[in-house]
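Working notes, structure below.
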């Protein structure tokens, strides 16, 4: 039987990309890209790399861009990078140093082309 979630404890440090078909809970540090269905990041966690997830609940430090369907940024989160989302919730006190883009806008913009 397949696992429904995977946990990286606060004593775990990974250098390399992570790809998970299950939900992922990260309390340690990751130096690499993360791709998963759902991501939960603990307060003491640090991620340096790109995050791609259908849903993400972030409360640690991130150095890199984020692309998520449903994104929740909690008050303890410190994000240094651009954020692309479908739905977005940000708690008061969260810090983001980057730009926000709604994915629907990106899709509409990239589908336009000049004819001439």
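Residue numbers (our numbering): 590 to 705. For glycine and all other residues, C-beta sits at the position ideal for the given N, C-alpha and C. All of these numbers come straight from a predicted model, not from anything done at the bench.
Proximity of residue i and residue j at Cβ, strictly below 8 angstroms
i           : j           : result
residue 601 : residue 622 : no
residue 648 : residue 663 : yes
CA-to-CA distance, residue j to residue i, given in whole angstroms
i           : j           : result
residue 671 : residue 691 : 11 angstroms
residue 675 : residue 654 : 15 angstroms
residue 666 : residue 609 : 22 angstroms
residue 682 : residue 593 : 31 angstroms
residue 590 : residue 686 : The predicted position of residue 590 is uncertain, since its pLDDT is 48 and thus under 50; no value can be drawn from it.
residue 616 : residue 631 : 5 angstroms
residue 679 : residue 661 : 6 angstroms
Residue i versus the options, residue with shortest Cα-Cα distance
i           : options            : result
residue 641 : 624, 651, 632      : 624
residue 657 : 619, 618, 616, 693 : 693
residue 611 : 620, 618, 628, 605 : 628
residue 677 : 652, 646, 598      : 646
Beta carbon proximity, residue i to chain C, threshold 8 angstroms
i           : result
residue 629 : Absence of chain C from the displayed structure is noted, only one protein chain being present.
The ligand SAH heavy atom lying under 7 angstroms from the CB of residue i
i           : result
residue 688 : Inclusion of the ligand SAH in the displayed structure is not the case, the ligand content being empty and no account of it being possible.
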